[in-house]
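Read in order, the letters of the sequence shown correspond to residues -5 to 111 in our numbering.
For glycine and all other residues, C-beta sits at the position ideal for the given N, C-alpha and C.
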Amino acid sequence: MTKLTADIQANRDLFVAETQETQTVWGLCNEEGDWLSVESSEFADSEVMPFWSNEADAVVQCEEEWSEFTPTLLPLDVFVQDWMVTLAEDGVLVGLNWNCELEGVEVEPSDVVKLYL
């Protein structure tokens, strides 16, 4: 059962709280090793890579057009220290705990890092 709701700010806060507790982050990756990224619904000509705070919420997304993807674990320190630098360099936004309707915050990688300071 998902804890995610229509309140996208609460989902963001849950992302931070759960990932700090478990020290893990979940993204979606396919067999070729490609991580899921999609067009931003908020910002023109921007790409977003979504992440979830637990495997159960990530696996819910792995159907229909995303059925080739599976939840893949990242250690929190690698996510914050390495991935956020790379995504910032690539100009990719970060989606945090998108709900079943794919609603959620889209933030700059540097703002994600600030959530953990």
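Closest by CA to threonine -4, which one among Val79, Lys108 and Glu49?
Glu49
When the Cβ atoms of the segment 97 to 107 are set against those of the segment 58 to 68, are three or more pairs found closer than 8 Å?
no
Kindly indicate which three-state DSSP category methionine -5 falls into: helix, strand or coil?
coil
For tryptophan 46, which three-state DSSP category applies?
strand
Near asparagine 24, which residues of its chain fall below 7 Å by C-beta distance, leaving aside the five closest residues on each side in sequence?
Glu62 and Phe63
Leaving out five residues before and five after threonine 13 in sequence, what residues of the same chain have Cβ atoms less than 8 Å from its Cβ?
Val19, Ser47, Leu70 and Phe73
Quick one: residues in its chain with C-beta nearer than 7 Å to the C-beta of valine 53, no 5 flanking neighbours on either side, listed in chain order?
Pro65
Could you compute how far the alpha carbon of serine 35 sits from the alpha carbon of leucine 109?
22 Å
So what does leucine 68 bridge to, in DSSP terms?
Val19
Once DSSP output is grouped into helix, strand and coil, what is the label at tryptophan 92?
coil
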